[in-house]
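Here is the structure we will look at.
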Amino acid sequence: MSVDPALLPSDEDERLEAVLRYNVLDSPPDGAFDRVTALAARHFDVPIAIVTIVDTDRIWFKSRHGLEVDEIGRDPGLRASAILHDDPWIVEQADRDPRTLANPLVAGEFGLRFYAGAPLTTHDGHNLGTLCVIDREPREMSDEDSDTLRDLAAIVMDELELRLAARTVVDREQTLRTFAERTARALQASLLPPELPALAAADLGAFYEPARDAEVAGDFYDVFPVGAEGFALVVGDVSGKGPPAAAVTALVRHTIRTASMTTDDPAAVLRTVNDAMFLGQTEGDLAHYCTVHLTFVTPLAGALVLRSAAAGHPPGLVLRAGSETLQELPAFGPPVGWYKDPSFASTEVTLDAGDVLVLHTDGLTEARQADGSLLGEAGIGDVLRRCQGKSSPAIAEAVQAMLHEPGVDVRDDTAVLVVQAR
Amino acid sequence: MSEENAAHAPVFRVEVRQEDATVRAILYGELDMVGTGALETTLGGVRTGTCVLDMRHLTFLDSAGIHVLMRLDTRSRAEGWDLAITGATGAVARVLALCRVGDRIPITDGSPGTA
């Protein structure tokens, strides 16, 4: 069904764009519009009042009072004519009016005799549809009536404008939020090594689980080459969440990488990280703290020599081959970002074949078990003893599985790195 | 609540006593993210003199607890009052040692006759 081009408004393409923009076609019934049609029917004392939206080939009713149909084809519509005019289009005796007497709605079963339609005109001059009142008996319409109809149509248009404006604000907010989330995620993703590097001298395993809430996580880990054969292991935990915390993670991680190029003393690297955080800031300015555990690993005759320093971070844990007792690497220091001249100390230990080092964040040790007790280092010790002889990835998997056991409540991000000599 | 019961109650509680120019804040239970707000609010009015955090009855301290100590330390230096920690034992003492809190905030063992 196509409409005679002579009956189309001159701005039909832009008009249809406007119709789409207001996003009103096929929308659910709406009390605000229903109140206007009910009011119009009451005021003009007619059985039928409709808010129509004129689509390409149909006339759809946003609100209909006294009618059961939701839409009609554009061809026989009187409303299609109403949108050609900027003033109300009125037919007082439709069966005598040459403009309408042949229209099927007039000539046929419907028996339309009176029609008055005021266009719904957008602020930029497009007629989306009409507010019209209809009767099966002829009626007269005074200038005052015509003005009233025009005003009611303007009220309908105001409602459409308000809804469009509200939706625009909501959409814009949503766009901004989505952008912010995507940026944060991209930033955080860039901060995780996509996979552990394959190393000749060491067997590495790891896992990383953000806490259940959707925000960007605060834990991080890193593995990168140092010198000819060595590598660095980093585990850290930034306070807070979201993009500002992710920015601190980036600063800490990249400063560690850069500083590690010119010193093999992990305590010196942590002092540099702390200095970097305070560049241009005074104590008390920083909104975020960060704990870090840094270990330089140097392969030596089948063993791994480890030099570690830590900034307020849970100590690295070593289970020696054949031993039942977990050892802590004694590396102490304050979190970075607290004050300007902290002391860090380095500690050195050698891993022989079969010895396992586990680095972790406090999300692991502070997980609550079913009986209410903390998992703690005791829990890690249990897993390591059970997994003696297994590969680092297998050990990491076993630790992760422990966190997923029924009744275990993990409250925080968790990162774990497992290291053994090959 | 008797002192014995207090030591085993997990919920955080702080009791404040004024001793001349010193405010003694006695911490009970576990200091984690839930309790830190209460502690900061309680000590929000301290502006002069010395504030002693008495940890004899504290059973747990995590990173959120350490952050509150860090903020109190920074504020005390900016506002010109003194902060001290006393009586920490067990797991709490371990966390304080790990973060070398004693380098920055004086820590004593809380025996009679000391701060």
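As you go down the protein sequences, you meet chains S and L in turn.
Mapping to our numbering: the first sequence position 397 is 478, numbers consecutive.
Mapping to our numbering: the second sequence position 16 is 26, numbers consecutive.
C-beta atoms are modelled at their ideal positions from N, C-alpha and C, and glycine is treated no differently.
Simplified DSSP assignment, three categories, for residue i
i, result
"Glu104 of chain S", "The amino acid at residue 104 of chain S is misidentified as Glu; the sequence shows Asn. Three-state result, Asn104 of chain S: coil."
"Asp176 of chain S", "coil"
"Gln450 of chain S", "coil"
"Phe114 of chain S", "helix"
"Glu240 of chain S", "helix"
"Gln255 of chain S", "helix"
"Val127 of chain S", "coil"
"Phe260 of chain S", "helix"
"Arg81 of chain L", "helix"
"Ile76 of chain L", "helix"
"Ile134 of chain S", "strand"
"Ile171 of chain S", "strand"
"His369 of chain S", "coil"
"Ser162 of chain S", "helix"
"Ala295 of chain S", "In this prediction, Ala295 of chain S has a pLDDT of 47, which is less than 50 and means its spatial position is unreliable; nothing more can be read from the coordinates."
"Glu29 of chain L", "strand"
"Thr54 of chain L", "Looking at the sequence provided, one finds Gly at residue 54 of chain L rather than Thr. Three-state result, Gly54 of chain L: helix."
"His335 of chain S", "helix"
"Gly210 of chain S", "strand"
Range of the contiguous beta strand (DSSP E) that encloses residue i
i, result
"Ser320 of chain S", "From DSSP, Ser320 of chain S is part of no beta strand (DSSP E); its letter is neither H nor E."
"Ala199 of chain S", "195–202"
"Ser404 of chain S", "That residue, Ser404 of chain S, is in no beta strand (DSSP E); it is neither H nor E in DSSP."
"Leu37 of chain L", "32–41"
"Gly286 of chain S", "283–290"
"Ala135 of chain L", "Chain L is shown from 11 up to 125; residue 135 of chain L falls before or after that span and cannot be answered."
"Gly147 of chain S", "Here Gly147 of chain S belongs to no beta strand (DSSP E), and DSSP marks it neither H nor E."
"Met65 of chain L", "60–71"
"Leu88 of chain S", "Note, Leu88 of chain S: premise wrong, no beta strand (DSSP E); not H, not E."
"Ala502 of chain S", "495–502"
"Thr428 of chain S", "428–432"
Nearest candidate by alpha-carbon position, reference residue i, set the options
i, options, result
"Gly189 of chain S", "S:Gly198, S:Leu212, S:Arg217, S:Pro200", "S:Arg217"
"Glu25 of chain L", "L:Val56, L:Gly54, L:Asp64", "L:Asp64"
"Arg139 of chain S", "S:Ala161, S:Ala119, S:Leu120, S:Pro128", "S:Ala161"
"Arg401 of chain S", "S:Ala477, S:Glu240, S:Phe305, S:Gln469", "S:Gln469"
"Arg104 of chain L", "L:Gly54, L:Ser73, L:Thr32", "L:Ser73"
"Ser271 of chain S", "S:Thr211, S:Arg334, S:Arg352, S:Met222", "S:Arg334"
"Pro128 of chain S", "S:Pro325, S:Leu410, S:Leu445, S:Arg220", "S:Arg220"
"Val458 of chain S", "S:Ala496, S:Ala502, S:Leu398", "Note that residue 458 of chain S corresponds to Glu in the displayed sequence, not to Val. Of the listed residues, the one whose Cα sits closest to Glu458 of chain S is S:Leu398."
"Ala113 of chain S", "S:Asp239, S:Phe305, S:Asp232, S:Arg266", "S:Asp239"
"Gly59 of chain L", "L:His77, L:Val44, L:Glu89", "L:Glu89"
"Phe305 of chain S", "S:Asp284, S:Arg338, S:Pro325", "S:Arg338"
"Leu108 of chain L", "S:Leu332, S:Ala283, S:Ala282, S:Ala390", "S:Ala390"
"Ala357 of chain S", "S:Val329, S:Asp126, S:Glu290", "S:Val329"
"Gly317 of chain S", "S:Val499, S:Thr495, S:Leu385", "S:Thr495"
"Thr363 of chain S", "L:Gly55, L:Arg27, L:Arg87", "L:Arg87"
First and last residue of the uninterrupted alpha helix (DSSP H) at residue i
i, result
"Gln481 of chain S", "473–484"
"Thr353 of chain S", "347–359"
"Ala384 of chain S", "Here Ala384 of chain S belongs to no alpha helix (DSSP H); instead the beta strand (DSSP E) covers 384–392."
"Arg467 of chain S", "457–467"
"Pro185 of chain S", "185–188"
"Ala439 of chain S", "Rather than Ala, the amino acid found at residue 439 of chain S in this sequence is Val. Segment 437–441 is the beta strand (DSSP E) holding Val439 of chain S; no alpha helix (DSSP H) there."
"Gly308 of chain S", "No alpha helix (DSSP H) holds Gly308 of chain S; DSSP gives it neither H nor E."
"Gly100 of chain L", "100–108"
Burial state of residue i (16 or more Cβ within 10 Å)
i, result
"Leu201 of chain S", "buried"
"Arg114 of chain L", "buried"
"Ala382 of chain S", "exposed"
"Ser427 of chain S", "buried"
"Pro278 of chain S", "exposed"
"Asp490 of chain S", "exposed"
"Leu385 of chain S", "buried"
Cutoff 6 Å; reference residue i; Cβ partners in own chain excluding five residues on either side
i, result
"Thr203 of chain S", "Ala99"
"His514 of chain S", "Nothing in the structure corresponds to residue 514 of chain S, since chain S is present only between 82 and 503."
"Arg388 of chain S", "Pro347, Phe377, Ser427, Glu429"
"Gly393 of chain S", "Thr372, Pro415, Pro416"
"Ser320 of chain S", "His369, Tyr370"
"Ala98 of chain L", "Met65, Leu106"
"Ala31 of chain L", "Gly59"
"Gln501 of chain S", "Asp284, Val437, Ser473"
Cβ shell of residue i (< 7 Å), same chain only, five flanking positions each side left out
i, result
"Val307 of chain S", "Ala313, Ser341, Phe377"
"Asp136 of chain S", "Val100, Leu106"
"Pro474 of chain S", "Gly286"
"Tyr103 of chain S", "Leu209, Leu241, Leu245"
"Glu447 of chain S", "Leu455, Arg492, Asp493"
"Gly75 of chain L", "Leu41, Asp42, Thr46"
"Ile197 of chain S", "Sequence inspection shows Ala at residue 197 of chain S; the Ile mentioned does not correspond to that position. Excluding residues within five positions, the ones whose Cβ falls inside 7 Å are Pro169, Ile171, Cys213, Val214, Met222, Leu230."
Same chain only: Cβ atoms within 8 Å of residue i, ignoring 5 sequence neighbours per side
i, result
"Ala267 of chain S", "none"
"Glu50 of chain L", "Val78, Arg81, Leu82"
CB contact check: residue i to chain C, cutoff 7 Å
i, result
"Phe413 of chain S", "In the structure shown, chain C does not exist; the protein chains are S and L."
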